[in-house]
Structure formats: structure tokens, C-alpha cells
Amino acid sequence: MPGGPVRRHDLRGGAGQEGNYPRGSGRRRLDRQPFPGNSGHSIPYIFKDRDVAWKVLDGPFGIEIMNEYVKKTGLRLLHLTENGGFRSFSNNVREIKSAADMKGLKIRVMPNQAHQETVKALGALPVTVDWGELYTALQTKVADGQENAIPTFLVPKLYEVQKYMTLDGHFYSINSVIIQDKWYKSLPAELQRAIDQASFVSTTVNRGVCTALEQKGIKFIQEKGMKVYAPTAKEKETFRVAQKPVIEFLKTKVDKAWIDKIFKATEQAEKELGYK
Numbered sequence: 025m026p027g028g029p030v031r032r033h034d035l036r037g038g039a040g041q042e043g044n045y046p047r048g049s050g051r052r053r054l055d056r057q058p059f060p061g062n063s064g065h066s067i068p069y070i071f072k073d074r075d076v077a078w079k080v081l082d083g084p085f086g087i088e089i090m091n092e093y094v095k096k097t098g099l100r101l102l103h104l105t106e107n108g109g110f111r112s113f114s115n116n117v118r119e120i121k122s123a124a125d126m127k128g129l130k131i132r133v134m135p136n137q138a139h140q141e142t143v144k145a146l147g148a149l150p151v152t153v154d155w156g157e158l159y160t161a162l163q164t165k166v167a168d169g170q171e172n173a174i175p176t177f178l179v180p181k182l183y184e185v186q187k188y189m190t191l192d193g194h195f196y197s198i199n200s201v202i203i204q205d206k207w208y209k210s211l212p213a214e215l216q217r218a219i220d221q222a223s224f225v226s227t228t229v230n231r232g233v234c235t236a237l238e239q240k241g242i243k244f245i246q247e248k249g250m251k252v253y254a255p256t257a258k259e260k261e262t263f264r265v266a267q268k269p270v271i272e273f274l275k276t277k278v279d280k281a282w283i284d285k286i287f288k289a290t291e292q293a294e295k296e297l298g299y300k
């Protein structure tokens, strides 16, 4: 919104932290954060599905992240929304059913080391390409494939230059809405409550819209000729080999306690949801 108080930025804090804007929204970027607790979400295949992700992020673990974040940065995370949801691999070479099918593929990733380590752990070759050049990179075979959430995949019409899509869900991609804590606390109580309520409603709507867009998007790319594959539970387990090397990398960036906490929170969420 030109001239307005809202802008997109990553979790370094940016303008919001410097005091130029009272609010902002930004994607979680592992290597660009003032508080590394959020890096727990960069563990591949940590969440089995949306129900688990929401229960973890809305539960004690998510609340602790928000509380620690405001202490470290002076920025209040109003809520954790979806940035398209679960990310999937697409490519032009072959159908991917298990981790073995990833071997040797050139996969475009963001400049995010956790994503790069994940692709390498699966036997593929990470290729860094700017978002604006991705379509051409796939078209000219600079990269064989890429990874993104389905709604994001649709925006630049990547289905025109990709043949196969595998719904492996390696990362749950999130957005966050950020507000200056000092500004928030300066507001009357009734306005704070209004912001909190709006935050809750917008999160619910966001997640519902992303879920619907994903399902409609899958059907759409199939109609456009793409072959979409959903790995079985057994096949999906083969992808989990990527977890260990990424966790080892994260330990160099994040207090190990946060990694332990997210695994514990995930285990508890699965238990409460009745998963085996």
C-alpha cells in the first residue's frame, strides 16, 4: 500500500525495528533473523500435515517464540500465517516417488542454507536462481526443477515449464505479521484487543484460503498437463534422511534447546491429534 504503514520485510526487523513503520509482514528467512528460534521451522519434514503445524505454532512452542522474539527485537509477532503452505518439488526429468529419484537433479532453491542442505541431503544439486529468472532457468535447463508451495508455483506459471510435481511437503512455509511492541503498548486496551482479534481472524482466513488454493492449484496444474504424485507414507519416510544433516547445520546457528523444543512440541501435537 503506497505511502502506508505496512510493508513486507524479512525477520531481521528492517524498517519496523528501526521505528519507521509500526507494522509489517515478512517471510521467515533462516539466515536473516535477529532471533533464531524460528529456525526450528526449517527442519525438513518436521510436520506431517497442517493440523500438526497449526497445533505446534498456535500452542506453547509458538507462544514461546513470540515472547522471546519481542524480548530480543522489540517487535511483536501478532500471528504466524501460511506463505502458501507446504513446499513441493517439481522437475522436468522424471517422476519423484522417493528420495532416490532426487539423485542428480538440479533443483532451484532460495538463498537459504537450510533449503540448500536439504536438497543436497536428498542427493540433488541445489542451484540458486533469482525468483525473477526462475521461469527462464527452468525453460533453458539451467535448473531441472524447483521447490515451492503450490500457490506460489502458480504465480509465474511454472506449470508451463515443468512436467512433474511431487507433494512431499518438505517445509511448511510461513509468514508473520509484525508490529512494534512499543507502539502496540501505547494504544488503549480496547484497540489492543481489536488488533488481537483481527490477528486471530486473519490467521484463520489465511490458512483456509491457502488450503483451498493448494487443492484448486493441484487440480489446475493437472489440467495443464502436469503429473502430480503424492508419496505413500513408506515413500515419504525415505525423504526424512534429509533431517539429520540439516539439524547438524542448524545447531551451528541455533541453540540446540530450540530444536529439542520443536521436536517435543511436534510429538505432543501428534499425540493429542491421535497419530501413532
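In this text, residue positions in the sequence shown follow my numbering: the first is 25, and each later residue adds one. Idealized CB from N, CA, C, for every residue including glycine.
Residue span of the alpha helix (DSSP H) that contains residue i, given as start and end
i: residue 194; result: Counting along the chain, residue 194 falls outside any alpha helix (DSSP H), and DSSP gives it neither H nor E.
i: residue 115; result: Taken as a continuous stretch (DSSP letters only), residue 115 belongs to no alpha helix (DSSP H), being part of the beta strand (DSSP E) at 99-115.
i: residue 214; result: 213-247
i: residue 162; result: 158-163
i: residue 81; result: 74-82
Beta-ladder partner(s) of residue i, from DSSP
i: residue 130; result: 149
The beta strand (DSSP E) enclosing residue i, as first and last residue numbers
i: residue 169; result: 169-173
Whole-angstrom C-beta distance between residue j and residue i, which should lie under 8 Å
i: residue 168; j: residue 131; result: 7 Å
i: residue 80; j: residue 290; result: 6 Å
i: residue 76; j: residue 293; result: 5 Å
i: residue 186; j: residue 250; result: 6 Å
i: residue 196; j: residue 245; result: So it is not a contact: roughly 20 Å between Cβ atoms.
i: residue 267; j: residue 68; result: 6 Å
i: residue 110; j: residue 193; result: 4 Å
i: residue 190; j: residue 255; result: 7 Å
i: residue 152; j: residue 133; result: 6 Å
Sequence ranges, alpha helix (DSSP H) only - wholly within the region 251-299, length at least 4: The region 251-299 is shown to contain whole alpha helix (DSSP H) runs of 4 or more residues at 257-263, 267-274, 280-296, in chain order.
Inter-stretch contact (C-beta, 8 Å, three-pair minimum) for the region 106-122 and the region 258-277: The region 106-122, when compared against the region 258-277, does touch it at the 8 Å Cβ threshold.
Segment contact flag, the region 140-155 with the region 210-218, C-beta cutoff 8 Å, min 3 pairs: No, they do not touch.
The region 160-180 touching the region 84-104, judged by at least three CB pairs closer than 8 Å: Counting Cβ pairs under 8 Å, fewer than three are found: no touch.
Meets three-Cβ-pair contact criterion under 8 Å: the region 203-210 and the region 81-99: Segment contact: the region 203-210 against the region 81-99, three or more CB-CB distances shorter than 8 Å; contact assigned.
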